[in-house]
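First up is the structure itself, then whatever we jot down about it.
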Amino acid sequence: MKLALWTALRGLRSRLGALLITVIAVALATATALVVPLVTRQVERGAQDAAQVFDLLVTAPGSGTQAVMSSLFYTGAPIGNIPERVYEELRDAPGTRRAVPIALGDNYLGFPIVGTTAAFFDQRVRPSDPPYFRIDRGGSFVREHDAVLGARVAREAGLRVGSTFVGAHGLEEHHVEGEEDHDEAHSEPYRVTGILAPTGGPVDRAVLTPIETVWEVHGEDQAARREVTAVLYSAEQLSGIYVTAQRINAGQGAMAVFPGQVFAQARDVLLQGQAAYAALALLVLGIAALTVWLSVYTSGLERQRTVALLRVLGAGRGVVFALVLLETLLTVTLGVLLGLGLALLVSTVGGDVLGARLGFTLAAPQLTWALVSRTLLLIPLGLLAALPPAVVAARVSPLRLL
């Protein structure tokens with residue numbers, strides 16, 4: 001066995017160029033089969049984590065997906081606003097655990113300014129858990145134009161407790177050189193009173209301020225004109241969530257959305273895409289197996305004299321046959337291992353880029369046995385592709401080649 005392994009390694013070393021091409025082909029096939037499933041699972045986990053602190057999202061009628069993306073992830077324009085009384089009715093209704101208003105409309109350096117109440121900082125995954133959003137430095141807002149910054153805002157903007165800044169109208173940063181903002185409401189500075197601990201969610205890139213600030217900035221000082229973009233709602237009992245959702249959706253002025261259902265619908269679409277991608281991955285795996293076969297066949301032609309010498313020295317047909325399969329096993333295994341590392345690297349980088357666009361941090365990619373087993377199929381496929389060249393090598397007569 002040691003002699004066969006030594007001979008196989010020597011043979012691979014003598015064909016280093018062909019070995020590298022085969023290993024790279026197998027590695028790329030392995031990474032191709034894994035990257036999209038890995039990133040998809042990262043997005044699913046990140047999205048679920050971002051919505052785990054409340055049960056129901058109440059917004060203006062329209063697209064549930066748009067409502068979740070705008071009001072929960074702060075990406076894209078909100079559907080519209082709903083009257084403040086909708087929030088007040090939810091807040092005061094029997095069975096309500098927590099109702100948190102959200103008002104959008106302004107930004108600071110592209111980070112959304114989110115008007116809300118102190119109840120925002122009391123949101124919990126479970127009633128017995130500590131608050132999900134914890135202030136790491138400073139304290140909560142107290143007066144209008146106080147601001148609590150998400151961890152990413154503070155880091156990228158270089159702000160600290162006590163700093164001041166001026167917001168801009170709109171959900172995205174727009175700047176024209178030489179243009180000055182003469183809007184007095186937006187020229188009043190915000191004062192940083194606190195900075196949140198990182199959560200990995202969209203709130204890391206949000207500026208939280210009393211909702212009265214948003215109303216004042218947009219001229220909604222009068223109670224009759226006040227509106228909110230959305231309400232994050234949690235009930236004391238599970239049944240209360242569905243009763244509230246049915247009551248809201250039975251009316252005309254608002255819409256109740258279960259974020260979990262929106263994620264499930266998005267996941268169904270992703271699964272359909274993954275089915276097509278899986279077919280493509282199988283095709284790539286087949287091409288990799290063909291590359292292995294060509295490599296083994298070509299190397300078999302190149303080492304016919306070596307095989308003949310082994311036969312003359314007493315090596316049987318079984319040894320020659322096993323030697324070809326061993327070289328193939330080492331090549332494919334090396335390619336698969338390299339591909340696993342490449343898939344993790346690409347998924348990590350791609351997850352960081354995608355998470356930055358979606359507004360939340362994606363967890364590190366996790367390889368599961370179900371995913372790894374897909375790529376391990378390359379090993380028996382490679383060995384299967386090596387069988388014909390191995391049989392030919394074992395049957396070659398040394399007298400014809402020496």
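With the first letter of the sequence shown counted as 1, position 338 gets the number 338 in full-length UniProt numbering; the numbers rise by one all the way through.
Note that CB positions come from ideal geometry on N, CA and C, so glycine has one too.
For clarity, every value in this text was computed on a predicted model and none was experimentally measured.
1. Smallest Cα separation from asparagine 107: which of Ala77, Thr117, Ile82, Val23?
2. When the distance is taken between beta carbons, is valine 207 closer than 7 Å to phenylalanine 111?
3. To the nearest whole angstrom, what separates the beta carbons of threonine 116 and valine 100, a pair I think is in contact under 8 Å?
4. Could you name the residues of the same chain whose beta carbon sits closer than 6 Å to that of valine 35, not counting the 5 residues immediately before and after it, in chain order?
5. Please report the straight-line C-alpha distance between alanine 279 and alanine 33, rounded to a whole angstrom.
6. Just checking my contact of leucine 149 with isoleucine 195 at CB under 8 Å: how many whole Å lie between their CB atoms?
7. For leucine 28, I'd like the list of residues in its chain whose CB is within less than 8 Å of its CB, leaving aside the five on either flank, ordered along the chain.
8. Spatial neighbours of glycine 167 within its chain, please: CB distance less than 7 Å, with the 5 preceding and 5 following residues excluded, ordered by chain position.
9. Taking buried to mean at least 16 other C-beta atoms within 10 Å of its own C-beta, is aspartate 136 buried or exposed?
10. Using the Cβ count rule (16 or more neighbours within 10 Å means buried), how would you classify valine 214?
11. Using only the alpha-carbon positions, how far apart do alanine 245 and phenylalanine 263 sit?
12. According to DSSP, is valine 53 part of a helix, a strand, or is it coil?
13. State the start and end residues of the unbroken alpha helix (DSSP H) segment that holds glycine 64.
14. In whole angstroms, what is the alpha-carbon distance linking alanine 93 and arginine 374?
15. Should glutamate 220 and proline 83 be called a contact, given that it needs their Cβ atoms to be closer than 7 Å?
16. Check tyrosine 108 in the structure and name its three-state DSSP category.
17. For leucine 232, name the three-state secondary structure that DSSP assigns.
18. Can you say whether aspartate 129 is buried or exposed, counting buried as having 16 or more other CB atoms within 10 angstroms of its CB?
19. With DSSP collapsed to three states, give me the class of glycine 115.
20. For valine 54 and aspartate 146, I'd like the C-alpha separation in whole angstroms.
On the basis of the coordinates in this document:
1. Ala77
2. yes
3. 6 Å
4. Ala343, Val346, Ser347
5. 10 Å
6. 5 Å
7. Val284, Ala288, Gly339, Leu342, listed in sequence order.
8. Asp106, Asn107, Tyr108, Ile113, His186, Tyr190
9. exposed
10. buried
11. When rounded, the separation of the alpha-carbon atoms in alanine 245 and phenylalanine 263 is 17 Å.
12. coil
13. 64 to 71
14. 52 Å
15. no
16. Secondary structure of tyrosine 108 (DSSP, three-state): strand.
17. strand
18. exposed
19. strand
20. Reading off the sequence, residue 54 comes out as phenylalanine, not valine. Their Cα atoms are separated by approximately 25 Å.
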